[in-house]
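S.K.: A single structure is presented below for examination.
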Amino acid sequence: MRPTRFEIFVLVVVVGLAAYVVVPMWRRSRAQAMQATCLSNLQTIGAGLSAYLEANDSTWPYVGKLRTFSRYDKPWPILPVALKSFVKSEYAYRCPADSRQLKDDALRGEFGAESTWYATEGLSYEWIWPEAYAGRQVGHEELSRLSGRGKGRADQDLLRDFEAFHVGLGGANTLYADFIARPDVVTP
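Here the sequence shown is numbered in numbering that gives the first Met the number 0, starting from 0 and rising by one per residue.
Laid out in structure tokens, this is it:
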């Protein structure tokens with residue numbers, strides 16, 4: 000027996016309603032999984048930084064923000080290069096939600112208009128205060144003298160997503176100088 004038009008209509012409505020409910024839930028769970036992976040990556044980098052400090056007399060590495068642009072006469076390495084011996088997985092430097100709209104014509108020509116920070120810079124995370132930490136011993140950084148929000152090292156942000164990749168879930172993830180990664184609300 001063939002279904003009637005009404006039965007087909009009811010079926011279409013039910014499938015449509017199910018999709019209306021399920022698709023947003025699926026997108027949110029996917030976004031939460033990407034954010035969790037990103038936080039895990041930052042924790043891995045934090046463990047690598049901690050190991051680096053132990054091996055280097057508690058002295059922070061010289062780390063540049065961008066691979067494609069350096070402000071120094073002798074370019075500082077980016078974080079994956081500085082921590083090569085301490086973070087074994089190259090995927091630790093890539094946020095799964097990473098995306099980038101390229102405005103720079105030279106980069107656009109090489110990578111296309113839509114790329115990722117990981118593709119262009121070698122990592123999805125920005126080293127926040129390169130000059131404040133570079134070559135200084137732990138506790139002697141410029142930022143260690145600031146009171147911040149009163150949490151000490153938990154206030155000092157080291158790495159953050161280059162952009163607010165996790166919109167709706169906090170905006171960006173941050174690794175703090177206590178080597179704990181947390182989601183933060185980022186305001187433009």
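All C-beta atoms, glycine included, are put in the ideal place defined by N, C-alpha and C. Quantities reported herein were computed from a predicted structural model and do not represent experimental measurements.
So which of A176, V9, E120 and L106 has the shortest CA-CA distance to V137?
M.R.: A176
S.K.: I need the DSSP call for G190, collapsed to helix, strand or coil.
M.R.: Nothing about residue 190 can be reported from this structure: the residues present for the chain run from 0 to 187 only.
S.K.: On the DSSP bridge list, what partners appear for D183?
M.R.: A171
S.K.: Applying the 10 Å Cβ sphere with the 16-neighbour rule, what's the burial state of T3?
M.R.: exposed
S.K.: Taking L158 as part of the beta strand (DSSP E), name the residues at either end of that continuous run.
M.R.: Note, L158: beta strand (DSSP E), D156 to D160.
S.K.: Helix, strand or coil, according to DSSP, for S98 in the structure here?
M.R.: In the three-state reduction of the DSSP assignment, S98 falls in the coil class.
S.K.: What first and last residue would you give for the beta strand (DSSP E) that runs through W25?
M.R.: That residue, W25, is in no beta strand (DSSP E); its alpha helix (DSSP H) goes R4 to A54.
S.K.: With a threshold of 6 Å on Cβ separation, who are the neighbours of A91 within its own chain once the five nearest residues in sequence on each side are excluded?
M.R.: Closer than 6 Å at the Cβ level, and outside the excluded window around A91, lie N40, T43 and I44.
S.K.: Spatial neighbours of P187 within its chain, please: CB distance less than 7 Å, with the 5 preceding and 5 following residues excluded, ordered by chain position.
M.R.: Note on P187: pLDDT 49, under 50, position unreliable in the model; the coordinate value appears next. Same-chain partners within the cutoff: there are none.
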